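Enquirer: Heads up: the sequence shown begins at 786 in this note's numbering, then just goes up one per residue.
Glycine residues also receive a C-beta, built at the ideal position from the N, C-alpha and C atoms.
Values in this document were obtained by computation on a predicted structure and should not be read as measured data.
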Amino acid sequence: MTTNLLDFDLDSLAAFCDGLGEKRFRAVQLFRWIHQRGAREFDQMSDLAKSLREKLKACASVQPLTVISEHQSSDGTVKWLFDVGSGNAVEAVFIPEDDRGTLCVSSQAGCAVGCRFCSTGHQGFSRNLTTGEILAQLWFAEHALRQRFQSSDRVISNVVMMGMGEPLQNYSALVPALRVMLDDHAYGLSRRRVTVSTSGVVPMMDRLAIDCPVALAVSLHAPTDALRDNLVPLNRKYPIDELMDACNRYLEHAPRDFITFEYCMLADVNDQPEHALQLVNLVKRHARSGVWCKFNLIPFNPFPVSGLYRSAAQQVADFASILSTAGIVTTVRKTRGDDIDAACGQLAGEVQDRTRVAERMAKRRTIAIQPVVQSRKEA
Ligand code: SAH
Ligand code: SF4
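1. Tell me, to the nearest whole angstrom, how far the beta carbon of Leu916 is from that of Pro952; I am working on the premise that it is less than 8 Å.
2. With three or more beta-carbon pairs closer than 8 Å as the criterion, would you say the stretch 810-823 touches the stretch 902-917?
3. Taking its Cβ as the centre, do 16 or more other Cβ atoms sit within 10 Å of Glu927, making it buried, or is it exposed?
4. Mind checking whether the beta-carbon of Asn1086 lies closer than 6 Å to any heavy atom of the ligand SAH?
5. Hey, out of His820, Thr1045 and Ala1061, whose CA is closest to Tyr972's CA?
6. Skipping 5 residues on each side, what residues in its chain have a beta carbon closer than 6 Å to that of Ser797?
7. Which value, in whole angstroms, describes the spacing of the CA atoms of Val987 and Lys840?
8. What do you get for Phe934, buried or exposed, if any count of 16 or more other CB atoms within 10 angstroms of its CB means buried?
9. Ends of the alpha helix (DSSP H) at His1176?
10. Name all residues in chain order for which at least one heavy atom of the ligand SF4 lies closer than 6 Å to the residue's CB.
11. Please return the same chain residues whose Cβ sits closer than 6 Å to the Cβ of Val1065, not counting the five positions on each side in sequence.
12. By how many angstroms is the C-alpha of Asp883 removed from the C-alpha of Leu790?
13. Starting from His856, follow the beta strand (DSSP E) in both directions and report where the run begins and ends.
14. Starting from Met763 and walking both ways along the alpha helix (DSSP H), at which residues does that stretch end?
15. Please report the straight-line C-alpha distance between Val1003 and Asn913, rounded to a whole angstrom.
16. In chain order, what residues of the same chain have a beta carbon less than 6 Å from the beta carbon of Leu805, not counting five sequence neighbours either side?
17. Could you pull out every residue in the same chain whose Cβ sits closer than 8 Å to the Cβ of Met1050, ignoring the five residues on either side in sequence?
18. Expressed to the nearest angstrom, what Euclidean distance is found between the alpha-carbon atoms of Met1146 and Ile880?
19. Taking only runs of the beta strand (DSSP E) that begin and end inside the stretch 887-971, which ones reach a length of at least 3 residues, in chain order?
20. With Ser1096 as the anchor, note down where its beta strand (DSSP E) starts and where it stops.
21. Which residue's Cα is closest to the Cα of Met946: Gly872, Ser982, His970 and Trp924?
22. Taking the alpha-carbon positions, what's the Glu855 to Leu1012 distance?
23. Following the continuous beta strand (DSSP E) through Val813, name the residue where it begins and the one where it ends.
24. Drop a sphere of 10 angstroms on the beta-carbon of Lys1148, count the other beta-carbons inside from all chains shown, and report buried for 16 or more, exposed for fewer.
25. What's the gap between the Cα of Phe867 and the Cα of Val875?
26. Measure the alpha-carbon distance for Lys1079 versus Ser936 and round it to whole angstroms.
27. Using only CA atoms, which one of Val847, Asp794, Ala824 and Gln922 lies nearest to Thr788?
28. My output table needs one value for Ser1091: the three-state DSSP class, helix, strand or coil.
29. Where do the N-terminal and C-terminal ends of the alpha helix (DSSP H) with Ala1007 fall, by residue?
30. Report yes if the C-beta of Ser982 is less than 6 Å from at least one heavy atom of the ligand SAH; otherwise report no.
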């Protein structure tokens, strides 16, 4: 087995090179070849001494993930399914827009949090990805897209950790990967163009604030603990007030930033005017400064076993208007890649469930969420 150089941030690569008797600037050259130029053959790296190339060939490699499939949507969105071994596969999605190119990256094969409305959650959990596997998604996508668009410039301008998995439950692999994304010798993305999305792993939010305070999105989805306990089971461990306090602590380390609250709009479950008003109260109660958060309403992307429905467009618009009128910056997410199942929460990959999350989920499905109004079926 050779050492996978995609597992290293620059400091670790420098330590690895030091072990080979090489100076730090050699590590910088190597790092740039791999991440900026997409090279994986050491013989391509023409400015590295032949002796170093030989040493590297003997003990190191750049290990990409095998692409199982690629789908391109009519709107330009591209989804890749990557093999991560033992019957597991994860997905990454590229979303082109006029002013940016965003890559949505997976952090785990499956997810143990088990949110009701999330297709990944329904798959169960298999394992954490390594730093190299997280970065291999970006490394591959960036260089494949550059070739496709015949671009020598960067194609991916933003990364969101919103693919499969809960990134803050894979903290030790996540942080070096984030560092590589930010490193000027690699992808050179600014702190605000890399977003970690979390269902609310409070202690790890505190650590991220210190280790690598990138943009933070928090998947809120409900204004009260009673409802959130049901939709996002992690809420039972870290209830909303604790989560809000953690958001405020995070902002102390990320000045001039705001938290983005994601809110998946589920018909008759969390999309009523009273929920919007409860959110306004929540935000006001926890405000330590003026604009400290914004809301991103995500139209639910349905999948059959969820038993949940997408809110009507008018319902979403009314909900957004209540928040906006109260002074909360609110956007409604455009769904992209719908025709290739690449939209938020649709990433299912292939997961060998080792935790029986899926089984527990099936049991929970039988306990219906108390609808606040008559459910659609009855109406
Ligand atoms: N585990 C992290 C990041 C991955 S999920 C988290 O939960 O934040 C990325 C976003 O997609 C989250 O806000 C999640 O709540 C949302 N999402 C999950 N399933 C969805 C669905 N079916 N429709 C719309 N959004 C969904
Ligand atoms: Fe996991 Fe996020 Fe899906 Fe919840 S929404 S199950 S935390 S991936």
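Expert: Considering the structure as presented:
1. Per the sequence shown, residue 916 should be read as Thr rather than Leu. Wrong, their Cβ atoms sit about 12 Å apart, outside the cutoff.
2. no
3. buried
4. yes
5. His820
6. none
7. 43 Å
8. exposed
9. Residue 1176 falls outside the range modelled here, since the chain spans only 786 to 1164, and no answer is possible.
10. Cys896, Val898, Gly899, Cys900, Cys903, Thr905, Gly906, Gly950, Glu951, Ser984 and Ser1004
11. Ala1111
12. 33 Å
13. Thr851 to Gln857
14. In the structure displayed, the chain extends from 786 to 1164; residue 763 sits before or after that span and is not available.
15. 20 Å
16. Lys840
17. Asp1056, Leu1082, Ile1083, Pro1084, Phe1085, Arg1095, Ser1096, Gln1100, Val1101 and Phe1104
18. 30 Å
19. 893-895, 910-913 and 943-946
20. Careful: Ser1096 lies outside any beta strand (DSSP E) and carries neither H nor E.
21. Ser982
22. 37 Å
23. Unbroken run through Val813 is the alpha helix (DSSP H), Arg809 to His820; no beta strand (DSSP E).
24. exposed
25. 5 Å
26. 34 Å
27. Val847
28. helix
29. Run containing Ala1007: none; DSSP gives neither H nor E here.
30. yes
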